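Novice: Structure incoming, see below.
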Amino acid sequence: MSDLRIVPSSAPVGAVVENVDLSTALDDATFAQIEAAYAAHAVLIFRDQALTPEQMIAFTRRFGDIERYLRTHYAHPDHPEMLLISNIVEEDRNIGLADAGATWHTDMSYVKVPPRGSVLYAREIPVQDGPPLGDTLFASTGAAYDDLSQATKDLLDGRRTTHSYEGKHARRAALGKSNRKPLSAEERDALPPTDHPVIRTHAQTGRKCIYVVDGECVGISGLADTEAEPLLSDLAARCTRPEYTYSHHWQVNDLVMWDNCLVQHLAIQDYALPQRRLMWRTTIEGTAPA
Ligand code: SIN
Numbered sequence: 006m007s008d009l010r011i012v013p014s015s016a017p018v019g020a021v022v023e024n025v026d027l028s029t030a031l032d033d034a035t036f037a038q039i040e041a042a043y044a045a046h047a048v049l050i051f052r053d054q055a056l057t058p059e060q061m062i063a064f065t066r067r068f069g070d071i072e073r074y075l076r077t078h079y080a081h082p083d084h085p086e087m088l089l090i091s092n093i094v095e096e097d098r099n100i101g102l103a104d105a106g107a108t109w110h111t112d113m114s115y116v117k118v119p120p121r122g123s124v125l126y127a128r129e130i131p132v133q134d135g136p137p138l139g140d141t142l143f144a145s146t147g148a149a150y151d152d153l154s155q156a157t158k159d160l161l162d163g164r165r166t167t168h169s170y171e172g173k174h175a176r177r178a179a180l181g182k183s184n185r186k187p188l189s190a191e192e193r194d195a196l197p198p199t200d201h202p203v204i205r206t207h208a209q210t211g212r213k214c215i216y217v218v219d220g221e222c223v224g225i226s227g228l229a230d231t232e233a234e235p236l237l238s239d240l241a242a243r244c245t246r247p248e249y250t251y252s253h254h255w256q257v258n259d260l261v262m263w264d265n266c267l268v269q270h271l272a273i274q275d276y277a278l279p280q281r282r283l284m285w286r287t288t289i290e291g292t293a294p295a
């Protein structure tokens with residue numbers, strides 16, 4: 006039996022997993038304990054991991070196939086299944102996606118089959134006089150659902166909303182939080198608006214969660230826009246209440262993985278060059294939201 010230890014945070018999501026070395030091939034019993042902790046806590050934190058890209062990719066593959074990110078020019082040069090998130094500029098070019106996660110979101114909720122989870126590994130973390138900058142916040146969409154009134158749960162049961170990638174980035178640009186070019190016609194065709202349930206049922210645990218992202222969702226099936234729009238804003242705001250949130254203060258060599266149904270996340274961009282931040286990200290394939 007492994008001596009792996011799970012230490013939950015004081016928030017509704019997040020747990021530190023101790024006494025495990027992710028660079029090794031985990032035996033099935035240890036992996037089953039990690040899977041169970043992932044289902045229970047939605048965000049797992051592994052400190053002090055020394056990983057090569059191959060080892061991070063192998064760990065991610067234990068959970069399912071790897072989904073590649075659509076903007077391939079930010080892929081790791083030798084590992085196309087790994088996305089670089091970074092503010093570092095080399096030869097006049099950002100080596101990674103610089104504005105990832107600048108507003109609350111869940112990864113790729115604007116595609117038909119969004120990823121089950123995402124894995125982020127800290128290679129360089131900005132610091133100011135000691136403390137780290139560039140925290141990532143994770144908020145429980147399950148706790149937000151649990152606290153809805155029964156009347157709202159009944160009203161939303163079986164209803165759908167439309168997620169729009171273009172809408173999301175237009176909103177981020179309006180807030181001054183995006184440096185991305187407007188979508189090309191090709192990208193627009195590849196990313197049409199997509200419908201998902203407003204209340205999503207977690208594929209592994211059956212837990213219900215609010216699946217609404219601020220600025221990305223439009224309309225609710227069967228409701229007039231005058232009722233749907235304020236309801237969507239309220240649902241999105243509920244998901245990210247401080248009492249549902251765990252804040253991760255990064256250290257180099259932390260690996261953090263999260264569940265894209267059970268949490269939304271936000272990257273705090275409170276640093277700038279010469280403070281450098283470099284993360285490797287892999288993404289686990291999911292199933293269509295139900
Ligand atoms: C993301 O949204 O995947 C990026 C999170 C981060 O860089 O902290």
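Numbering (my numbering), first residue to last: 6 to 295. The beta carbon of each residue, even a glycine, is placed where N, CA and C say it ideally should be. Only a predicted model underlies this, so the values are computations on that prediction, with no experimental measurement involved.
Please classify Lys173 as buried or exposed, where buried requires at least 16 neighbouring CB atoms within 10 angstroms.
Specialist: What you label residue 173 is simply residue 168 of the sequence shown in a count that begins at 1. It is buried - the Cβ of Lys173 has at least 16 other Cβ atoms within 10 Å.
Novice: Enumerated in chain order, which unbroken segments of the alpha helix (DSSP H) with a length of 4 residues or greater are wholly contained in the region 226-256?
Specialist: If we require 4 residues or more, the alpha helix (DSSP H) runs fully inside the region 226-256 come out as 230-244.
Novice: Using the three-state DSSP reduction, which class does Gly224 fall into: helix, strand or coil?
Specialist: Locating residue 224 in the sequence shown gives position 219, counting from the first residue. Strand at Gly224.
Novice: With which residues is His201 paired in a DSSP beta bridge?
Specialist: As a position in the sequence shown, residue 201 is number 196, starting the count at 1. His201 is bridged to Thr166.
Novice: At the level of alpha carbons, what is the spacing between Pro4 and Gly69?
Specialist: Nothing about residue 4 can be read from this structure; the chain reaches only from 6 to 295.
Novice: Hey, Arg66 and Asp264: beta-carbon distance below 9 Å or not?
Specialist: Counted from its first residue, the sequence shown places residue 66 at position 61. Counted from its first residue, the sequence shown places residue 264 at position 259. Not closer than 9 Å, so no.
Novice: What does Tyr126 pair with, by DSSP beta-bridge criteria?
Specialist: For the purposes of this step, residue 126 is taken as the residue at position 121 of the sequence shown. Leu260 and Trp285, per the DSSP bridge assignment.
Novice: When you compare only the Cα positions, how much space is there between Gln54 and Ala41?
Specialist: Here residue 54 refers to the residue found at position 49 of the sequence shown. Here residue 41 refers to the residue found at position 36 of the sequence shown. Whole-angstrom Cα-Cα distance: 20 Å.
Novice: Within the same chain, show all residues whose beta-carbon is closer than 6 Å to that of Pro136, passing over the 5 residues directly before and after it, in chain order.
Specialist: As a first step, residue 136 must be located in the sequence shown, where it is residue number 131. Same-chain partners within the cutoff: there are none.
Novice: Go ahead and pull the three-state DSSP assignment for Phe64.
Specialist: Indexing the sequence shown from 1 puts residue 64 at position 59. If DSSP states are grouped into helix, strand and coil, Phe64 belongs with the helices.
Novice: If you compare alpha carbons, which of Ala229, Thr167, Arg286 and Trp109 is closest to Pro247?
Specialist: Here residue 247 corresponds to residue number 242 of the sequence shown, with the count starting at 1. Nearest of Ala229, Thr167, Arg286 and Trp109 to Pro247, Cα basis: Trp109.
Novice: Per DSSP, what kind of secondary structure is Leu102 in: helix, strand or coil?
Specialist: Here the question's residue 102 lines up with position 97 in the sequence shown. The answer is strand: DSSP assigns Leu102 an E or B state.
Novice: Establish whether the CB of Gly19 and some CB of chain D are separated by less than 9 Å.
Specialist: Given the protein chain composition of this structure (a single chain), no chain D is represented.
Novice: In terms of residue numbering, what span does the beta strand (DSSP E) encompassing Ala144 cover?
Specialist: Residue mapping note: residue 144 aligns to position 139 of the sequence shown, counting from 1. Here the beta strand (DSSP E) through Ala144 covers Thr141 to Ser145.
Novice: With DSSP as the reference, label Ala293 as helix, strand or coil.
Specialist: As a working mapping, residue 293 is identified with position 288 in the sequence shown. If DSSP states are grouped into helix, strand and coil, Ala293 belongs with coil.
Novice: Would you call the region 98-113 and the region 217-227 in contact, with 3 or more CB pairs under 8 Å?
Specialist: With a cut-off of 8 Å, the region 217-227 and the region 98-113 count as touching, because enough Cβ pairs lie within range.
Novice: Would you kindly work out how many angstroms separate the C-alpha atoms of His81 and Arg286, rounded to a whole number?
Specialist: Residue 81 sits at position 76 when you count from the first residue of the sequence shown. Residue 286 sits at position 281 when you count from the first residue of the sequence shown. His81 and Arg286: Cα-Cα distance of roughly 9 Å.
Novice: For the ligand MN, is there any heavy atom lying closer than 8 Å to the beta carbon of Leu188?
Specialist: Judged by which ligands are present, the ligand MN is missing from the structure shown, whose ligands are the ligand SIN.
Novice: What residues does the ligand SIN have around it, judged by CB closer than 7 Å to any heavy atom, in chain order?
Specialist: The set, ordered by position in the chain, is Ile90, Ala105, Gly106, His110, Asp112, Ser123, Leu125, Gly139, Thr141, His270, Ala272, Met284 and Arg286.
Novice: According to DSSP, is Ile39 part of a helix, a strand, or is it coil?
Specialist: Here the question's residue 39 lines up with position 34 in the sequence shown. Helix, per DSSP.
Novice: So, with DSSP's three-state summary, where would you put Arg193?
Specialist: For the purposes of this step, residue 193 is taken as the residue at position 188 of the sequence shown. Of the three classes helix, strand and coil, the one that applies to Arg193 here is helix, per DSSP.
Novice: Quick check: the region 7-23 against the region 139-151, are at least 3 beta-carbon pairs closer than 8 Å?
Specialist: Short answer: they touch.
Novice: Quick one: what does DSSP say Thr57 is sitting in, helix, strand or coil?
Specialist: Reading the sequence shown from its first residue, position 52 is the one you call residue 57. In the structure shown, Thr57 sits in coil (DSSP, three-state: anything other than H, G, I, E or B).
Novice: Give the DSSP-derived three-state secondary structure of Thr210 in the structure shown.
Specialist: Position 205 of the sequence shown holds residue 210. Coil.
Novice: For a test of the three-state rule: what should DSSP assign to Leu9, helix, strand or coil?
Specialist: Counting from one through the sequence shown, the residue named residue 9 turns up at place 4. Coil at Leu9, not helix or strand.
Novice: Rounded to whole angstroms, what's the CA-CA distance from Arg193 to Lys117? Just pull it up for me.
Specialist: Reading the sequence shown from its first residue, position 188 is the one you call residue 193. Reading the sequence shown from its first residue, position 112 is the one you call residue 117. Taking the straight line joining both Cα atoms gives about 14 Å.
Novice: What's the C-alpha gap between Met262 and Ala242?
Specialist: Looking up residue 262 in the sequence shown gives position 257. Looking up residue 242 in the sequence shown gives position 237. Approximately 23 Å, taken between the alpha carbons.
Novice: Let's test the definition: count the other Cβ atoms within 10 Å of the Cβ of Ala47 and tell me whether it reaches 16, buried, or not, exposed.
Specialist: Looking up residue 47 in the sequence shown gives position 42. It is buried - the Cβ of Ala47 has at least 16 other Cβ atoms within 10 Å.
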